[in-house]
Amino acid sequence: LLAMACVRGSVAAARLLIERGANIDERDGTNRLTPLMWACHAGTTEMVALLLESGADPTLRSETSFTPLMMTCCTNADDEDDFVAIIRLLLKDARVQVDARHHRGMTALWFTASAGFYERTRVLLEEGMADHSIAVDGVTLLALVRYHKHQDCVRLLKVGDRQGGGVVHMAVFGWNARA
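See the structure below:
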């Protein structure tokens, strides 16, 4: 029930369930997502704050190794403000690893920059997610972001490189990864 309250953004219902002893980290049966993961995906800042204050574990992973931070970074939504606020909330917890990797090697930065989410990308870079030089399936993040024409994110990643963010590799599949 707590996961359903998180999906629907019902903070009052979630608060009541938590007060009555709901398992804060209970996983759903299908995707093995926790209530915190659902709240991050829904972009409900108040819900994420409630769950974290109530002891939700922000380091747990889904069946496919998504973290709550990754869920926040890959969700497509028009309003960036809530997702940026959620990233900041999650990163206040010292246990959250900004550079944790998905089972295919992608990080939160990979998800957000490759989707063109400028503000989320900027916040992750500010918070220390600097090494974006790792290639996934032979393609670097910078090459992928260029391919999708997310020019604002390209500029952010290039600034990160100049500030010691790692070596930028050229993509393999013939994509032009030159400035």
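Residue 426 is where the sequence shown starts when you use my numbering, and the numbers rise one by one after that. For every residue, glycine included, the Cβ atom is placed at its ideal position computed from N, Cα and C.
Could you compute how far the alpha carbon of residue 560 sits from the alpha carbon of residue 536?
Position 135 of the sequence shown, counted from the first residue, corresponds to residue 560. Position 111 of the sequence shown, counted from the first residue, corresponds to residue 536. Near 13 angstroms, if we compare the C-alpha coordinates of residue 536 and residue 560.
Round the Cβ separation of residue 581 and residue 546 to the nearest angstrom and send it over; I've been treating them as touching at under 8 angstroms.
Within the sequence shown, numbered from 1, the residue matching residue 581 stands at position 156. Within the sequence shown, numbered from 1, the residue matching residue 546 stands at position 121. Between residue 546 and residue 581 the Cβ distance is about 5 angstroms, and since that is below 8 angstroms, they are a contact.
State the DSSP-derived secondary structure class of residue 492, mapped to helix, strand or coil.
As a first step, residue 492 is located in the sequence shown; it is residue number 67 there, counting from the start. It is coil, neither helix nor strand.
Pop quiz: residue 564 and residue 571 are said to be a contact at Cβ under 8 angstroms. What is the actual Cβ separation, rounded to whole angstroms?
Along the sequence shown, one-based indexing puts residue 564 at 139. Along the sequence shown, one-based indexing puts residue 571 at 146. Their Cβ separation, rounded to whole angstroms, is 10 angstroms, which puts residue 564 and residue 571 out of contact at 8 angstroms.
Going straight from the alpha carbon of residue 473 to that of residue 464, what length do you get?
Here residue 473 refers to the residue found at position 48 of the sequence shown. Here residue 464 refers to the residue found at position 39 of the sequence shown. Approximately 6 angstroms, taken between the alpha carbons.
According to DSSP, what are the bridge partners of residue 561?
Here the question's residue 561 lines up with position 136 in the sequence shown. Paired residue(s): 564.
Only counting the same chain, and skipping five residues up and downstream in sequence, which positions put a Cβ closer than 7 angstroms to that of residue 452?
Start at 1 with the first residue of the sequence shown, and residue 452 comes out as number 27. Taken in chain order, the residues that qualify are 458, 459.
Measuring alpha carbon to alpha carbon, tell me which of 548, 429, 490, 539 ends up nearest residue 506.
Within the sequence shown, residue 506 is the residue found at index 81, counting from 1. Comparing Cα positions, the closest option is 548.
Residue 475 to residue 574, Cα distance in whole Å?
To locate residue 475, count along the sequence shown from 1; it is residue 50. To locate residue 574, count along the sequence shown from 1; it is residue 149. Approximately 37 angstroms, taken between the alpha carbons.
To which residues of the same chain is residue 410 closer than 8 angstroms at the C-beta, ignoring the five residues directly before and after it?
Residue 410 is absent from the structure shown; the chain starts at 426 and stops at 604.
Check whether the Cβ atoms of residue 566 and residue 534 lie closer than 9 angstroms to each other.
Taking the first residue of the sequence shown as 1, we reach residue 566 at position 141. Taking the first residue of the sequence shown as 1, we reach residue 534 at position 109. Taking 9 angstroms as the Cβ cut-off, residue 566 and residue 534 qualify as a contacting pair.
Quick check on residue 522: does DSSP put it in helix, strand or coil?
For the purposes of this step, residue 522 is taken as residue 97 along the sequence shown, with counting starting at 1. Three-state DSSP puts residue 522 in coil, outside helix and strand.
Just checking my contact of residue 481 with residue 511 at CB under 8 angstroms: how many whole Å lie between their CB atoms?
Here residue 481 corresponds to residue number 56 of the sequence shown, with the count starting at 1. Here residue 511 corresponds to residue number 86 of the sequence shown, with the count starting at 1. With 8 angstroms as the limit, residue 481 and residue 511 do not qualify as a contact, their Cβ atoms being about 12 angstroms apart.
Terminal residues of the continuous alpha helix (DSSP H) containing residue 429?
Your numbering for residue 429 matches position 4 in the sequence shown. Start and end: 427-433.
Might you give, ordered along the chain, the residues of its own chain that have their beta carbon closer than 8 angstroms to the beta carbon of residue 427, omitting 5 neighbours on each side?
As a working mapping, residue 427 is identified with position 2 in the sequence shown. Correct list, in chain order: 439, 442, 443, 447, 448, 449, 451, 460.
Would you verify that the beta carbon of residue 464 is, or is not, closer than 9 angstroms to some beta carbon of chain D?
Within the model displayed, chain D is absent; a lone protein chain is all it includes.
Enumerate in chain order the residues of its own chain whose CB-to-CB distance from residue 527 is below 7 angstroms, with the five nearest sequence positions on each side excluded.
Counting from 1 along the sequence shown, the entry for residue 527 is found at position 102. Cβ neighbours of residue 527 beyond the five flanking positions: 490, 491, 495.
With DSSP run on the structure shown, which of helix, strand or coil describes residue 582?
Taking the sequence shown and counting its residues from 1, one reaches residue 582 at position 157. In this structure, residue 582 counts as helix in the three-state DSSP scheme.
Do residue 522 and residue 484 have their beta-carbon atoms positioned less than 9 angstroms apart in this structure?
To locate residue 484, count along the sequence shown from 1; it is residue 59. To locate residue 522, count along the sequence shown from 1; it is residue 97. Against a cut-off of 9 angstroms, the Cβ pair of residue 522 and residue 484 comes out as a contact.
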